[in-house]
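UniProt numbering numbers the first residue of the sequence shown as 1 and each following residue consecutively.
Glycine included, every Cβ here is placed at the ideal spot set by N, Cα and C.
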Amino acid sequence: MMKGIKKWRLFSLLTALMVFLSGCGEEHLSTLTPAGQVGRDQLDLMVLSTAIMVLVIIVVMIVYVLAIVKFRRSKVGENVIPKQVEGSHKLELIWTIVPIILLLILTVPTVVSTYKLADVSGMDTVDAKGNKTAVTVNVKANLYWWEFEYPDLGIVTAQELVVPTQEKVYFNLKAADVKHSFWIPAAGGKLDTNVDNLNKFYLTFDNPSESLQDGVFYGKCAELCGPSHALMDFKVKSLDRDDFDAWVADMKASKEETPEGDVAQQGQEIFNTSCIACHAVSGAGSTGGVGPNLATFGDRNRVAGFMEHTPENIKAWISNPEKHKPGNLMPEPKEINNGKDFTDQELTALTEYLMGLSVEE
Numbered sequence: 001m002m003k004g005i006k007k008w009r010l011f012s013l014l015t016a017l018m019v020f021l022s023g024c025g026e027e028h029l030s031t032l033t034p035a036g037q038v039g040r041d042q043l044d045l046m047v048l049s050t051a052i053m054v055l056v057i058i059v060v061m062i063v064y065v066l067a068i069v070k071f072r073r074s075k076v077g078e079n080v081i082p083k084q085v086e087g088s089h090k091l092e093l094i095w096t097i098v099p100i101i102l103l104l105i106l107t108v109p110t111v112v113s114t115y116k117l118a119d120v121s122g123m124d125t126v127d128a129k130g131n132k133t134a135v136t137v138n139v140k141a142n143l144y145w146w147e148f149e150y151p152d153l154g155i156v157t158a159q160e161l162v163v164p165t166q167e168k169v170y171f172n173l174k175a176a177d178v179k180h181s182f183w184i185p186a187a188g189g190k191l192d193t194n195v196d197n198l199n200k201f202y203l204t205f206d207n208p209s210e211s212l213q214d215g216v217f218y219g220k221c222a223e224l225c226g227p228s229h230a231l232m233d234f235k236v237k238s239l240d241r242d243d244f245d246a247w248v249a250d251m252k253a254s255k256e257e258t259p260e261g262d263v264a265q266q267g268q269e270i271f272n273t274s275c276i277a278c279h280a281v282s283g284a285g286s287t288g289g290v291g292p293n294l295a296t297f298g299d300r301n302r303v304a305g306f307m308e309h310t311p312e313n314i315k316a317w318i319s320n321p322e323k324h325k326p327g328n329l330m331p332e333p334k335e336i337n338n339g340k341d342f343t344d345q346e347l348t349a350l351t352e353y354l355m356g357l358s359v360e361e
């Protein structure tokens with residue numbers, strides 16, 4: 001008996017914890033703190049559907065409890081059979097009409113929002129000079145990293161998406177290898193990236209992300225895609241339009257330059273003989289790199305999308321990428337360094353060079 005009571009106590013504790021934890025969420029990663037109109041519209045649908053479900057549960061529980069209380073054996077006696085309502089037209093009408101009404105209440109706003117959020121016609125709007133007025137980003141999902149190309153702006157980056165605030169940002173989604181799913185929880189619902197077809201949608205961001213933890217929103221792959229699926233993260237910086245335009249100009253002007261300091265120059269030499277075949281270091285151009293574009297590597301807050309941006313983690317990642325992100329396609333050091341591992345001096349030089357790749361002042 002006591003064992004059963006203890007189990008119920010544990011169940012009650014877990015239920016209470018679930019209620020409290022459901023309210024937890026960070027502004028940079030939670031669907032409950034939407035960053036733009038798309039997120040708010042989707043949150044409203046979530047609240048509406050939840051409210052309808054809770055209402056149905058409450059009504060059913062009330063009927064259930066009333067039936068137990070009113071017709072319990074100790075009250076009505078042993079041999080009393082309550083009035084039978086099978087075939088009651090009144091009840092049948094009630095439990096047919098009420099669900100239809102609830103479904104209509106949920107269906108109408110859902111359909112309206114679905115068509116509204118699927119409207120990407122603004123992607124092709126041009127000004128008097130024939131230039132595209134909206135920001136469009138071609139998203140390519142790879143094992144296990146993200147590439148972001150701005151085709152109308154002539155720039156490309158990886159792992160960190162940069163977007164303007166107070167306007168629609170349109171996305172063309174494609175996968176390079178297997179199915180992935182593009183998701184920025186605070187901005188809006190996920191959408192699959194497929195190998196064979198292009199998916200399109202848009203998101204909006206109200207305010208710059210600089211006030212958030214790490215100064216970014218967090219994005220994720222929401223489709224199980226392999227052993228490192230959970231590590232396939234990316235970051236999103238939202239900027240005022242003027243700051244976004246300045247960032248675009250800096251990206252266009254970025255190019256491979258001789259770094260300052262002997263150690264960084266040594267790192268550049270190693271990079272140009274071992275890494276340049278897969279990684280670009282200029283933000284200007286188009287997509288197509290085998291590996292992530294590293295033009296903004298020094299501005300990032302994560303290594304490989306999930307490790308703290310520290311020299312130690314950069315060295316650890318270069319030395320053994322498979323250990324930290326299983327299944328990724330980055331070659332081991334011996335494959336690109338004449339059959340030898342990088343020495344600590346070479347790793348230090350590479351780290352110094354990579355930390356200097358920056359477009360932000």
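Query raised in the report: Going by DSSP, which residues form a beta bridge with Met-307?
Result: Locating residue 307 in the sequence shown gives position 307, where the first residue counts as 1. Under DSSP, Met-307 forms a beta bridge with Val-303.
**Report entry** Contacting residues, own chain, Cβ-Cβ under 7 Å from Gln-265 (five flanking each side not counted)
**Finding:** Stepping through the sequence shown from its first residue, residue 265 is reached at position 265. Result list for Gln-265: Thr-258, Pro-259, in chain order.
Query raised in the report: Helix or strand or just coil, what does DSSP make of Val-98?
Result: Stepping through the sequence shown from its first residue, residue 98 is reached at position 98. Reduced to three states, the DSSP call for Val-98 is helix.
Query raised in the report: First and last residue of the alpha helix (DSSP H) that includes Glu-269?
Result: On the sequence shown, residue 269 is found 269 positions in, with the first residue counted as 1. For Glu-269, the enclosing alpha helix (DSSP H) has its first and last residue at 262 to 274.
Requested in this report: Alpha carbon to alpha carbon, how far is Leu-161 from Val-137? Give it in angstroms, no decimals.
Outcome: Taking the sequence shown and counting its residues from 1, the one referred to as residue 137 is at position 137. Taking the sequence shown and counting its residues from 1, the one referred to as residue 161 is at position 161. One C-alpha to the other measures close to 9 Å.
Query raised in the report: From the DSSP output, which residues share a beta bridge with Phe-171?
Result: Residue 171 sits at position 171 when you count from the first residue of the sequence shown. DSSP, once it has assigned bridges, lists Val-137, Phe-201 as partnering Phe-171.
Query raised in the report: Can you find at least 3 beta carbon pairs, one from the stretch 347 to 355 and one from the stretch 309 to 327, that sit closer than 8 Å?
Result: Using a Cβ-Cβ distance cut-off of 8 Å, the stretch 347 to 355 and the stretch 309 to 327 are in contact, since at least three pairs of beta carbons, one from each stretch, lie closer than that value.
Query - Nearest candidate by alpha-carbon position, reference Val-263, set Ile-184, Gln-345, Asn-142, Leu-173 - result: Counting from 1 along the sequence shown, the entry for residue 263 is found at position 263. Selected option, being the one with the closest Cα: Gln-345.
Report task. Tell me whether Leu-357 sits in a helix, a strand or coil according to DSSP, three-state version. Result -> Taking the sequence shown and counting its residues from 1, one reaches residue 357 at position 357. Three-state DSSP puts Leu-357 in coil, outside helix and strand.
Query raised in the report: Which two residues bound the contiguous alpha helix (DSSP H) that contains Ile-184?
Result: In the sequence shown, counting from the first residue as 1, residue 184 sits at position 184. First-last for Ile-184: 180 to 184, but that is the beta strand (DSSP E), not the alpha helix (DSSP H).
Query raised in the report: Given that a residue counts as buried once 16 or more other Cβ atoms are within 10 Å of its Cβ, and exposed if not, what is Pro-326?
Result: Translated into the one-based positions of the sequence shown, residue 326 becomes position 326. In summary, Pro-326 is exposed, with fewer than 16 beta-carbon neighbours lying within 10 Å of its beta-carbon over all protein chains present.
Query raised in the report: Which class does Ala-316 belong to by DSSP, given the choice of helix, strand or coil?
Result: Position 316 of the sequence shown, counting from 1, holds the residue named residue 316. Shown here, Ala-316 sits in a helix according to DSSP, grouped into three states.
Query raised in the report: Is DSSP giving Val-162 helix, strand or coil here?
Result: Along the sequence shown, one-based indexing puts residue 162 at 162. Reduced to three states, the DSSP call for Val-162 is strand.
Report task. Specify the secondary structure class of Leu-239 as computed by DSSP and reduced to three states. Result -> Here residue 239 corresponds to residue number 239 of the sequence shown, with the count starting at 1. Three-state DSSP puts Leu-239 in a strand.
Query raised in the report: When DSSP labels each residue in this structure, what does Leu-224 get in the three-state scheme?
Result: Working through the sequence shown from its first residue, we reach residue 224 at position 224. The three-state reading of DSSP puts Leu-224 in coil, since its state is none of H, G, I, E or B.
Report task. Report yes if the C-beta distance between residue 438 and Phe-234 is below 8 Å; otherwise report no. Result -> Residue 438 is absent from the model: the chain starts at 1 and stops at 361.
**Report entry** Outcome for Thr-15 when other beta-carbon atoms lying within 10 angstroms are tallied against a minimum of 16
**Finding:** Counting from one through the sequence shown, the residue named residue 15 turns up at place 15. Exposed: under 16 other Cβ atoms inside 10 Å.
Query raised in the report: Cβ atoms of Asn-142 and Asp-177: under 8 Å apart, would you say?
Result: In the sequence shown, residue 177 corresponds to position 177, counting from 1. In the sequence shown, residue 142 corresponds to position 142, counting from 1. Their beta carbons are under 8 Å apart, which means Asp-177 touches Asn-142 by this criterion.
Requested in this report: Answer yes if the stretch 217 to 228 comes into contact with the stretch 51 to 70, meaning at least three C-beta pairs across the two stretches below 8 Å, and no otherwise.
Outcome: Touching, no, given that fewer than three Cβ pairs across the two stretches are closer than 8 Å.
Query raised in the report: If we ignore side chains and look at the alpha-carbon of each, how far apart do Arg-241 and Asn-272 end up?
Result: Numbered from its first residue, the sequence shown carries residue 241 at position 241. Numbered from its first residue, the sequence shown carries residue 272 at position 272. Spanning the two alpha carbons is a distance of roughly 35 Å.
Report task. Starting from Glu-322, trace the alpha helix (DSSP H) both ways and give me its first and last residue. Result -> Counted from its first residue, the sequence shown places residue 322 at position 322. First-last of the alpha helix (DSSP H) with Glu-322: 321 to 324.
Query raised in the report: In its own chain, which residues sit with a C-beta less than 6 Å from the C-beta of Asn-301, not counting the 5 before and 5 after it?
Result: Within the sequence shown, the letter at position 301 stands for residue 301. Excluding sequence positions up to five before and after Asn-301, its CB lies within less than 6 Å of the CB of Asp-214, His-309, all in the same chain and listed in chain order.
Query raised in the report: Under the three-state reduction of DSSP, which class applies to Thr-296: helix, strand or coil?
Result: As a position in the sequence shown, residue 296 is number 296, starting the count at 1. Of the three classes helix, strand and coil, the one that applies to Thr-296 here is coil, per DSSP.
Query raised in the report: Would you call the stretch 144 to 163 and the stretch 72 to 85 touching, i.e. three or more CB-CB distances under 8 Å?
Result: Touching, no.
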